[in-house]
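To start, the structure itself, in structure tokens.
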Amino acid sequence: MKMDANQRVNLLLNVLADGEFHSGQHLAEQIGVSRTAVWKLVAKLQSWDIEIYSVKGKGYKIPDGLNLIDKNKLDSLVENRLKHFPQIDLLTTIDSTSTYISNKWDKSAEKRNGQNKNFISSGRVCIAEHQSEGRGRKGNQWISPFGANLYFSIGIELPVGLSVLGGLSLAIGIGLTEAINNLEAQKVKTAQQVKLKWPNDLLCNNRKLAGILVEASGDSNDTSFINIGIGINWDMPEKFSKEINQPWINLLEILSKKIDKTRFMANLLIELDQTIDRFIHQGFEAFNKKWEKNSAFIDQAVTIKTHNANIDGIEKGIDKNGAIIVQTNQGEKTFYSGEVSLRGKQ
10 MKMDANQRVN LLLNVLADGE FHSGQHLAEQ IGVSRTAVWK LVAKLQSWDI
60 EIYSVKGKGY KIPDGLNLID KNKLDSLVEN RLKHFPQIDL LTTIDSTSTY
110 ISNKWDKSAE KRNGQNKNFI SSGRVCIAEH QSEGRGRKGN QWISPFGANL
160 YFSIGIELPV GLSVLGGLSL AIGIGLTEAI NNLEAQKVKT AQQVKLKWPN
210 DLLCNNRKLA GILVEASGDS NDTSFINIGI GINWDMPEKF SKEINQPWIN
260 LLEILSKKID KTRFMANLLI ELDQTIDRFI HQGFEAFNKK WEKNSAFIDQ
310 AVTIKTHNAN IDGIEKGIDK NGAIIVQTNQ GEKTFYSGEV SLRGKQ
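If you want our numbering, it's the position in the sequence shown, counting the first as 1, plus 9.
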């Protein structure tokens, strides 16, 4: 069967991912195109900021290769284990996984317009090796170099209203944190435990490892659509530091040994599916104590930055809705996600 343009690009990518030289003639034969077409396909990969060596007499090579997610292996590892988002879409490149999920849900909603209002669509996950317009909280850009990190979004429609979803993003953070800290490869480096910074960051040694963006739409009492965007630094090259305005760390830096990327992604999805299920049935109260255990700044001096003031105090935990509680000179104050940012005071 004849391959389309995307299939040819993906085949070239998977061949070059081994980090070895491949001649233009060999690639042309494998893909079933001319050597000129191979050159154009290589240029396409380079447009995604993938570094490719071209050496006369040797061919093309991606230095150090690429660690790509294996879709067939991923499907096998999570088979019958994802209750809330069984559909997995693995893309080579996309503008934003969150935007992809939103668009898919919009189309699904249009198709079933007029059906029983209690109809709940099946959730899905979008994973991408590269994002051209990755975004984080408050519209900030999420740097997304090809194959360097994990970028994925989960879309689920729930038979509950927005009024009961307070604390969901914190529950997701707890699920991610526990999944990473429970890795067999992590146990040796107990000093490098991953911690949570309210409301949506995972830290290690006060350096950012991952971020979470949860967007919700719907009504207060009926149904809601949740779009959970997650980015985890896997093995991002140091050259991207100039584009990031805070200290950061890669997952591979804190592990005592290398782990399989596809298996790690499978474990994350299974853990997050279970986290969401627990949240639906038990609410955020099931996670409250876990937050105190995993917080990077519990009982430490912090500064809460609002749009018009900086408030100093001691982080004391979170309430039943996921709002942070800070002991200030004026007494305890409560702050809600979206209103503040948090920095540990050194």
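All C-beta atoms in this analysis are idealised placements derived from N, C-alpha and C, irrespective of residue type, glycine included.
{"Item": "How about ILE320 and LYS342: are their beta carbons less than 8 Å apart?", "Value": "yes"}
{"Item": "Leaving aside the five residues before and after GLN140 along the sequence, list all residues of the same chain whose C-beta is less than 8 Å from its C-beta, in chain order.", "Value": "THR102, ILE103, ASP104, SER105, THR106, TRP151, SER153, TYR160"}
{"Item": "So if DSSP puts ASN158 in a beta bridge, which residue, or which two residues, is it bridged to?", "Value": "ASN242"}
{"Item": "For chain B, check one thing: does any of its Cβ atoms lie closer than 8 Å to the Cβ of SER233?", "Value": "This model lacks chain B altogether, as it is built from one protein chain only."}
{"Item": "Please state if the CB of LEU278 and the CB of VAL134 are separated by a distance shorter than 8 Å.", "Value": "yes"}
{"Item": "Would you be able to state if there are at least three C-beta pairs under 8 Å between the stretch 43 to 51 and the stretch 222 to 238?", "Value": "no"}
{"Item": "From ILE110 to GLN55, what distance separates their C-alpha atoms?", "Value": "26 Å"}
{"Item": "When DSSP builds the beta bridges, which residues end up paired with ILE78?", "Value": "For ILE78, which the question treats as bridged, DSSP gives no partner whatsoever."}
{"Item": "Which residues in the same chain as ASN158 place their Cβ atom closer than 7 Å to its Cβ, once the five residues preceding and following it in sequence are excluded?", "Value": "GLY240, ILE241, ASN242, TRP243, MET245"}
{"Item": "By alpha-carbon positions, which one of ARG17, LEU222, PHE30 ends up nearest to SER43?", "Value": "ARG17"}
{"Item": "Beta-carbon within less than 6 Å of GLY74's beta-carbon, same chain only, minus the 5 sequence neighbours each way: which residues are those?", "Value": "ALA26, ASP27, GLY28"}
{"Item": "I'd like the span of the beta strand (DSSP E) that includes ILE61, first residue to last.", "Value": "First-last for ILE61: undefined, no H or E at that position."}
{"Item": "Helix, strand or coil, according to DSSP, for VAL169 in the structure here?", "Value": "coil"}
{"Item": "Please go through the same chain and pick out, in chain order, the residues whose beta-carbon is closer than 6 Å to the beta-carbon of ASP231, but skip the five residues on each side of it.", "Value": "GLY170"}
{"Item": "Please report the distance separating the alpha-carbon of THR284 from that of TYR69.", "Value": "44 Å"}
{"Item": "Leaving out the 5 sequence neighbours to the left and right, which residues in its chain are closer than 7 Å to GLY184 when beta-carbon positions are compared?", "Value": "GLU280, LEU281, THR284"}
{"Item": "So the alpha helix (DSSP H) VAL18 belongs to, where does it begin and stop?", "Value": "14 to 25"}
{"Item": "Within its chain, find whatever has a CB closer than 6 Å to the CB of GLU262; leave out the 5 residues flanking it on each side and keep chain order.", "Value": "none"}
{"Item": "Grouping DSSP H, G and I as helix and E and B as strand, with all else coil, what is ALA288?", "Value": "In the sequence as displayed, the identity of residue 288 is Phe instead of Ala. Three-state DSSP puts PHE288 in a helix."}
{"Item": "For ASN4, which residues does DSSP report across the bridge?", "Value": "This structure cannot settle anything about residue 4, because the visible part of the chain is limited to 10 through 355."}
{"Item": "Roughly how many whole angstroms lie between the Cα atoms of MET274 and LEU20?", "Value": "22 Å"}
{"Item": "So SER304 and LYS204 are in contact, right, with Cβ under 8 Å, and what is the actual spacing, rounded?", "Value": "7 Å"}
{"Item": "Taking its Cβ as the centre, do 16 or more other Cβ atoms sit within 10 Å of GLU166, making it buried, or is it exposed?", "Value": "buried"}
{"Item": "By alpha-carbon positions, which one of TRP57, LYS67, PHE293 ends up nearest to GLN34?", "Value": "LYS67"}
{"Item": "Are the CB atoms of GLY164 and ILE221 within a distance shorter than 8 Å?", "Value": "no"}
{"Item": "Tell me PHE344's beta-bridge partners as DSSP assigns them.", "Value": "ILE333"}
{"Item": "Going by CA-CA distance only, name the one from PHE296, TRP207, TYR345, LYS248 that's closest to ASP58.", "Value": "LYS248"}
{"Item": "Are the beta-carbon atoms of PHE94 and LYS206 separated by less than 8 Å?", "Value": "no"}
{"Item": "From the DSSP secondary-structure annotation, give me the bridge partner or partners of ALA137.", "Value": "LEU100, TYR160"}
{"Item": "Helix, strand or coil: which one does DSSP assign to SER153?", "Value": "coil"}
{"Item": "I think ASN330 touches GLY156, with their Cβ atoms under 8 Å apart; what is that distance to the nearest whole Å?", "Value": "No, ASN330 and GLY156 are not in contact; Cβ-Cβ is about 38 Å, not under 8 Å."}
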